[in-house]
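This report concerns only the one structure given below.
If you want it as structure tokens, here you go:
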């Protein structure tokens with residue numbers, strides 16, 4: 001039982017990090033209808049800046065710098081690439097982001113080289129005991145941060161002008177534009193916000209229990225894809241739920257691997273995708289996604 | 001008239017190549033041919049019908065491994081059916097199609113980004129199966145690929161064959177097989193695209209609801225094109241296995257799928273010629289840069305430490321090419337060739353005048 | 001149909017062209033790389049001219065094993081530079097061709113196809129999936145090849161020389177150490193965290209064998225190279241109550257494993273394969289956990305071992321590549337380079353620098369030892385590991401290369417009696 005609780009808590013805490021990444025996908029998808037495959041490289045960029053700067057300027061300023069750089073990078077991708085290829089379909093835009101990802105990731109991994117870069121975070125490898133269950137402090141911070149950020153987003157979508165503009169754009173870009181929403185600004189800000197979220201996620205992916213940032217760090221972003229889809233690509237709540245589902249599935253399947261050998265070893269990596277497929281079979285737009293309305 | 005001459009010239013050039021070029025180039029050419037077959041299939045799905053797929057590598061794996069399993073004699077811990085190799089190849093392609101058909105509940109209902117990421121699941125599932133289904137796939141070791149034997153003619157290095165003083169090994173023999181397979185695959189795809197199905201597919205891509213209103217069974221078409229593109233993937237996989245002579249599971253990962261998407265975007269979406277040009281570009285670029293990297297400025301010799309190594313340069317160029325093509329060349333490299341031809345009427349390129357070019361552009 | 005006729009005519013013309021133009025480099029009517037005998041009476045083959053010997057390094061400088069590839073390549077280039085300064089081999093200078101395949105099987109095949117026709121031997125080939133894919137070709141070409149991977153699947157080919165032990169033998173020696181020195185006993189459970197693929201699964205074969213002999217139970221956890229966080233794996237090991245954990249993964253995962261285990265109060269010894277540790281980890285927050293109770297097994301002595309050959313290597317490498325880590329890749333690359341260098345010298349003695357000659361010279365050595373420590377390697381057999389003795393090594397912040405010797409190279413009785421599974 002303790003093992004189950006331990007796995008569950010750990011699944012939830014890593015799921016919170018996935019949720020942060022998935023939230024980045026969702027924000028961009030809502031604003032521009034594009035799936036951003038370059039998210040992994042934004043993540044790597046944010047993490048790289050934090051890792052390189054923390055020794056010189058301290059952890060918190062470095063984190064702010066990382067967030068800023070990733071946000072600017074996201075905005076640049078929107079401004080230089082996405083905006084300028086409006087004519088293409090969304091599928092093609094998704095492929096363009098793959099191109100962007102390849103360029104950025106190649107350059108960043110070249111810079112990182114063979115090193116494993118520590119993030120210089122204040123939490124270290126401390127562990128907190130929730131009753132009988134040990135949890136890494138970093139993971140608790142991640143969980144709280146993710147919950148706060150997602151709450152902020154939910155409120156912002158509902159109550160701020162920016163949120164209303166974004167929802168209107170997601171609903172019907174043409175009408176939104178006629179009503180005075182500046183689509184360019186909405187889209188640019190969405191990409192910047194997604195970049196910032198990626199940097200925060202990078203921090204939590206590269207602190208304890210992992211040793212630091214290295215060239216493979218961005219692979220974790222792949223797991224946020226099923227999270228974003230099974231929650232619904234245009235739903236903030238969906239990102240949170242999706243992230244948690246993926247994290248918990250992965251943790252439980254890994255923890256009980258020895259009781260599940262008939263599925264083959266290493267099933268923990270595949271399981272989130274299988275859950276995603278099962279959910280898509282029942283709900284093609286994900287758990288919380290809106291079914292597209294037909295407009296002829 | 002001149003078009004026929006050009007075709008004959010292309011054919012002649014194709015025949016002469018294996019008599020002159022060394023193994024490295026033949027192998028690179030065969031990789032490009034296999035990639036072209038796979039890219040044609042993906043272009044039917046993604047380019048012509050607008051369905052994003054990131055799972056193409058999975059179908060290549062199905063084709064490659066199914067061929068090996070059907071053709072190999074069972075040995076020790078490894079199973080096999082020991083079927084005649086041409087039959088095994090056909091069955092492998094059919095099985096890839098069936099695998100695509102199994103996915104049709106998803107492929108028929110989802111579109112765009114949702115389908116793209118759902119197909120990503122195939123990659124992870126595929127890798128899991130390749131590593132764990134040891135008796136069929138050979139696990140991490142992979143399996144040796146039995147050479148194809150067509151009417152008593154074996155596509156391998158033995159028995160020795162010398163044609164006009166040139167030793168004809170596996171690569172030289174496969175060169176002609178690859179060419180024939182690619183030609184057939186291209187002609188068939190062109191037929192599909194130019195006929196009724198092609199128009200229906202384009203309508204689904206451009207306006208799904210209009211397609212439905214006009215009487216196109218959208219879900220059935222989506223599933224059908226998915227199956228067809230899976231079969232092309234399977235065929236590419238069989239060809240690749242024959243060139244590799246050994247299947248290894250690591251190869252069929254996500255990067256391979258991304259390569260295929262890059263091919264069709266760079267070459268030109270929705271056409272056979274575009275897929276072929278893109279496949280040649282993406283398969284040959286890294287090899288050219290690695291081989292001639294020493295002669296290029298800015299590219300450091302591998303192992304020399306600092307600077308951009310040829311492999312990195314190839315990836316940077318190829319990522320940038322994807323972006324640049326979408327921004328500046330909406331028709332891809334193929335569109336560029338067309339507009340060059342229009343602007344310079346004196347320039348004779350072996351392209352037909354209609355939007356879907358003939359497959360001879362491969363050379 | 002006139003078109004068809006034209007096509008046929010054109011095809012015939014092209015065939016005629018091909019026939020007449022047999023001046024093409026390929027048209028030699030047989031083996032284009034046939035051996036010749038040079039002016040100095042030495043038989044030569046591909047990659048060997050009157051004054052050069054070309055060796056190819058097929059490495060990974062941009063993929064997941066980039067750090068290993070860089071150390072290996074630099075160490076080997078250093079060795080061959082020194083050989084050339086001392087006058088070369090057989091009156092010939094050694095030239096190295098480096099090809100980076102980025103751990104991609106297709107690029108590796110392409111690189112091999114490119115360099116093979118002008119290569120005498122391959123002192124470095126990274127990646128067992130790549131070597132496995134090319135195994136039959138390498139054997140047919142008779143190119144002496146040193147793979148930089150130690151999976152059992154690579155044994156059994158005459159042309160491929162796996163240096164030292166394989167992963168399974170290392171793990172057997174590691175389990176033996178745990179039982180003898182760390183108090184494990186029959187009935188205990190032992191965890192094994194391993195990578196999907198030949199590295200992890202070769203190692204697993206060894207641990208399973210040793211556990212079977214010693215009455216231990218292995219608790220398996222398989223992960224992928226892209227996994228980063230080992231929390232769930234630690235929870236599973238804890239649940240099973242393991243008394244020690246074997247680690248056959250990458251350095252990053254090993255660091256996560258020991259870090260999580262230490263923080264969660266799981267106080268057991270860890271025994272890694274030689275690819276599970278990298279000195280770069282000592283600059284990360286994982287350092288305390290690694291320094292506590294983590295060991296690794298390796299066939300090659302750590303570079304900090306008190307051997308004159310290594311002391312010279314440390315000095316020379318440090319002079320040429322200042323500030324670069326002296327990790328196990330440097331020692332492994334150097335050793336492989338020396339093996340190839342010695343094979344070339346021996347081949348020269350018998351005046352046969354053809355590939356077959358180099359290979360025969362190499363295989364004639366029954367007890368190769370070049371002052372690099374360890375038990376001598378037997379190159380005359382290739383269906384078994386060249387050696388069965390492994391060092392036990394431990395991370396150490398102050399030692400050169402970040403690791404220090406715990407136990408001298410030894411063959412455990414268990415490893416002695418182990419039969420390596422034949423490759424599929």
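Protein chains in written order, with the UniProt record's numbering: chain A, 1 to 296; chain B, 1 to 363; chain C, 1 to 424. Every residue gets a Cβ at the ideal spot worked out from N, C-alpha and C, and that includes glycine.
At which residues does the beta strand (DSSP E) containing residue 99/C begin and terminate?
-> Working through the third chain from its first residue, we reach residue 99/C at position 99. Going by DSSP, residue 99/C is part of the beta strand (DSSP E) stretching over 93–100.
Using a threshold of 8 Å, state whether the C-beta atoms of residue 114/A and residue 212/A are closer than that.
-> Stepping through the first chain from its first residue, residue 114/A is reached at position 114. Stepping through the first chain from its first residue, residue 212/A is reached at position 212. Judged by their CB atoms, residue 114/A and residue 212/A are not nearer to each other than the 8 Å cut-off.
If you draw a straight line from the C-alpha of residue 199/B to the C-alpha of residue 49/B, how long is it?
-> For this step, residue 199/B is matched to residue 199 along the second chain. For this step, residue 49/B is matched to residue 49 along the second chain. Spanning the alpha carbons of residue 199/B and residue 49/B requires a straight line of approximately 9 Å.
Residue 394/C - containing beta strand (DSSP E), residue span = The residue you call residue 394/C lines up with position 394 of the third chain. That run of the beta strand (DSSP E) goes 390–395.
Could you spell out where the beta strand (DSSP E) holding residue 54/C opens and where it closes?
-> In the third chain, counting from the first residue as 1, residue 54/C sits at position 54. For residue 54/C, the enclosing beta strand (DSSP E) covers residues 52–59.
Please go through the region 236–314 of chain B and give each complete alpha helix (DSSP H) segment of 4 or more residues, from N-terminal end onward.
-> Listed in chain order, the alpha helix (DSSP H) elements of length 4 or more contained wholly in the region 236–314 of chain B are 254–267, 272–292.
Output, in chain order, the set of chain D residues within a Cβ distance shorter than 7 Å of residue 251/B.
-> In the structure shown, chain D cannot be found, because the protein chains are A, B and C.
Go ahead and pull the three-state DSSP assignment for residue 208/C.
-> Sequence index remark: in the third chain, residue 208/C carries index 208 (1-based). Reduced to three states, the DSSP call for residue 208/C is helix.
Rounded to whole angstroms, what's the CA-CA distance from residue 23/C to residue 248/C? Just pull it up for me.
-> For this step, residue 23/C is matched to residue 23 along the third chain. For this step, residue 248/C is matched to residue 248 along the third chain. Low confidence applies here, because residue 23/C scores a pLDDT of 48, under 50, leaving its location unreliable; read the following figure in that light. One C-alpha to the other measures close to 53 Å.
Quick one: what's got a C-beta closer than 6 Å to residue 172/B's C-beta in the same chain, skipping five residues either side?
-> Residue numbering aside, residue 172/B sits at position 172 when the second chain is read from its first letter. Within the same chain, residue 172/B has close Cβ partners 18.
Buried or exposed for residue 25/A, please, with buried defined as at least 16 other CB atoms from any protein chain shown within 10 angstroms of its CB.
-> On the first chain, position 25 is the one that residue 25/A refers to. Residue 25/A sits buried, since 16 or more C-beta atoms from the chains shown fall within 10 Å of its C-beta.
Taking the Cβ atom as the reference point for each residue, do residue 164/C and residue 374/C lie within a distance shorter than 8 Å?
-> As a working note, residue 164/C is residue 164 in the third chain. As a working note, residue 374/C is residue 374 in the third chain. It is a contact, given that the beta carbons lie within the stated cut-off.
Assuming residue 328/C contacts residue 300/C (C-beta within less than 8 Å), just tell me the rounded distance between them.
-> By 1-based counting over the third chain, the position of residue 328/C is 328. By 1-based counting over the third chain, the position of residue 300/C is 300. Between residue 300/C and residue 328/C the Cβ distance is about 7 Å, and since that is below 8 Å, they are a contact.
Hey, would you say residue 383/C sits closer than 8 Å to residue 156/C, going by beta carbons?
-> On the third chain, position 383 is the one that residue 383/C refers to. On the third chain, position 156 is the one that residue 156/C refers to. The Cβ atoms of residue 383/C and residue 156/C sit closer than 8 Å to each other.
For the region 243–275 of chain C, which residues have a CB atom closer than 8 Å to at least one CB atom of chain A, in sequence order?
-> Residues passing the 8 Å Cβ filter: 251, 252, 255, 256, 259, 260, 262, 263, 264, 265.
What in chain A is Cβ-close to residue 137/B, meaning under 8 Å?
-> Position 137 of the second chain holds residue 137/B. By Cβ distance, chain A contributes nothing, its closest Cβ being about 12 Å from residue 137/B, past 8 Å.
Can the beta-carbon of residue 170/A be found closer than 8 Å to that of residue 21/A?
-> Position 170 of the first chain, counted from the first residue, corresponds to residue 170/A. Position 21 of the first chain, counted from the first residue, corresponds to residue 21/A. No.
Complete alpha helix (DSSP H) runs within the region 160–208 of chain B (minimum length 4 residues, chain order) | You should have 170–194, 196–206.
Return the CA-CA distance between residue 192/B and residue 216/B, expressed in angstroms with no decimal places.
-> Start at 1 with the first residue of the second chain, and residue 192/B comes out as number 192. Start at 1 with the first residue of the second chain, and residue 216/B comes out as number 216. So the alpha carbons of these two residues sit roughly 15 Å apart.
Contacts of residue 199/B in chain A (Cβ-Cβ under 8 Å) = In the second chain, counting from the first residue as 1, residue 199/B sits at position 199. None at all; the shortest Cβ gap to chain A is about 18 Å.
Which two residues bound the contiguous beta strand (DSSP E) that contains residue 195/C?
-> Here residue 195/C refers to the residue found at position 195 of the third chain. Residues 189–195.
Below 8 Å on the Cβ atoms is my guess for residue 114/B versus residue 284/A; work out the distance and round it to an integer in Å.
-> By 1-based counting over the second chain, the position of residue 114/B is 114. By 1-based counting over the first chain, the position of residue 284/A is 284. Rounded to whole angstroms, the Cβ separation of residue 114/B and residue 284/A is 7 Å, and the two are in contact under 8 Å.
So the alpha helix (DSSP H) residue 122/A belongs to, where does it begin and stop?
-> Along the first chain, one-based indexing puts residue 122/A at 122. No alpha helix (DSSP H) holds residue 122/A; DSSP gives it neither H nor E.
Beta-bridge partners of residue 248/C, as assigned by DSSP | Position 248 of the third chain holds residue 248/C. Paired residue(s): 194/C.
For residue 292/C and residue 203/A, the rounded distance between their alpha carbons = Indexing the first chain from 1 puts residue 203/A at position 203. Indexing the third chain from 1 puts residue 292/C at position 292. Distance between residue 203/A and residue 292/C, taken at the CA atoms: about 26 Å.
Is there at least one Cβ from chain C nearer than 8 Å to residue 343/B's Cβ?
-> The sequence position of residue 343/B within the second chain is 343, counting from 1. For residue 343/B, not one C-beta of chain C is nearer than 8 Å to its own C-beta.
Sort 309/B, 270/B, 146/B by Cα distance to residue 201/B and report the nearest one.
-> Locating residue 201/B in the second chain gives position 201, counting from the first residue. Of 309/B, 270/B, 146/B, the residue nearest in Cα terms is 270/B.
In angstroms, rounded to a whole number, what distance separates the CA positions of residue 177/A and residue 243/A?
-> Your numbering for residue 177/A matches position 177 in the first chain. Your numbering for residue 243/A matches position 243 in the first chain. Rounded to the nearest whole angstrom, the CA to CA distance from residue 177/A to residue 243/A is 32 Å.
What's the gap between the Cα of residue 281/C and the Cα of residue 400/C?
-> The sequence position of residue 281/C within the third chain is 281, counting from 1. The sequence position of residue 400/C within the third chain is 400, counting from 1. Cα to Cα, residue 281/C sits roughly 14 Å from residue 400/C.
Interface partners of residue 284/A on chain B, CB under 8 Å = Numbered from its first residue, the first chain carries residue 284/A at position 284. 109, 110, 114, listed in chain order.
Residue 283/B beta carbon less than 8 Å from that of residue 31/B | If you number the second chain from 1, residue 31/B lands on position 31. If you number the second chain from 1, residue 283/B lands on position 283. Taking 8 Å as the cut-off, the beta carbon of residue 31/B is found closer than this to the beta carbon of residue 283/B.
Quick one: complete beta strand (DSSP E) runs, 3+ long, within the region 143–197 of chain C?
-> Entirely contained in the region 143–197 of chain C, the beta strand (DSSP E) runs reaching 3 residues are, in chain order, 144–148, 189–195.
Residue 223/C at chain A interface by Cβ criterion, 8 Å | For the purposes of this step, residue 223/C is identified with residue 223 of the third chain, where counting begins at 1. Yes, its Cβ sits closer than 8 Å to a Cβ of chain A.
Alpha carbon to alpha carbon, how far is residue 183/B from residue 12/B? Give it in angstroms, no decimals.
-> Locating residue 12/B in the second chain gives position 12, where the first residue counts as 1. Locating residue 183/B in the second chain gives position 183, where the first residue counts as 1. Residue 12/B and residue 183/B: Cα-Cα distance of roughly 15 Å.
Would you call residue 129/A buried or exposed, if buried means 16 or more other Cβ atoms sit within 10 Å of its Cβ?
-> Taking the first residue of the first chain as position 1, residue 129/A is located at position 129. With fewer than 16 other Cβ atoms within 10 Å, it is exposed.
Taking 8 Å as the CB-CB cut-off, is residue 269/B touching chain A?
-> Stepping through the second chain from its first residue, residue 269/B is reached at position 269. Residue 269/B counts as touching chain A.
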